[in-house]
Each structure stands twice: as structure tokens, then as C-alpha cells.
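Novice: To start, I am sharing the structure in question, which I have written as C-alpha cells.
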Amino acid sequence: MGLCRRCHKPITLEQEKQKQKCAKLNPYYSDGFPLLEHLADDEFARWDDYITHMARDGTYGDQITLYAAANL
1 MGLCRRCHKP
11 ITLEQEKQKQ
21 KCAKLNPYYS
31 DGFPLLEHLA
41 DDEFARWDDY
51 ITHMARDGTY
61 GDQITLYAAA
71 NL
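Going by UniProt numbering, the residue at position 70 of the sequence shown is 70; the numbering climbs one at a time, nothing skipped.
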């Protein structure tokens, strides 16, 4: 179990898995703009590469995670 980053309440492992699944399946803004367009050219060839990189321990947030946190 972890903590919700927004409200600091406990979240279950199932809720955390659901958040990860949503991130993997939604590489676009709600208006259809590809999120990878915010990253440096050729930094990640595919959305899955980006998700794998960001899931590693010790990886810092970037423009996409900052935008997501600011728009909760």
C-alpha cells in the first residue's frame, strides 16, 4: 500500500496498478496531442520506452509528470 500523492491518503496496490495501466494506455493529452512531443528529440522512440524509464527507482520527474501533477 502507498499514499495518494494528491491527498496523502492510503491507496491499495490494486489502485496503484490501475494508475500505471492508465499511464501506459494513454500517451496523448485529452485533445489528442502526443505527450512524447514534450520530450527531447529521439530521447524515447516509443511511449513504452518512456514508461519503462520513468518506472525505475531514482528517476526524477519531467515536464510530463509536472504537467500531470499540476492538473490533478
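For glycine and all other residues, C-beta sits at the position ideal for the given N, C-alpha and C.
1) Give a yes or no on whether the C-beta atoms belonging to residue 29 and residue 36 are separated by under 8 angstroms.
2) What is the DSSP secondary structure of residue 60, counted as helix, strand or coil?
3) Grab the span of the alpha helix (DSSP H) containing residue 28 for me, first residue to last.
4) Taking the alpha helix (DSSP H) that residue 53 falls in, what are its first and last residues?
5) Any idea if residue 60 is buried or exposed, counting beta-carbon neighbours within 10 angstroms, 16 or more meaning buried?
Specialist: Based on what the coordinates show:
1) no
2) coil
3) It is not in any alpha helix (DSSP H) - residue 28 carries neither H nor E in the DSSP assignment.
4) Segment 47 to 54, the alpha helix (DSSP H) holding residue 53.
5) exposed
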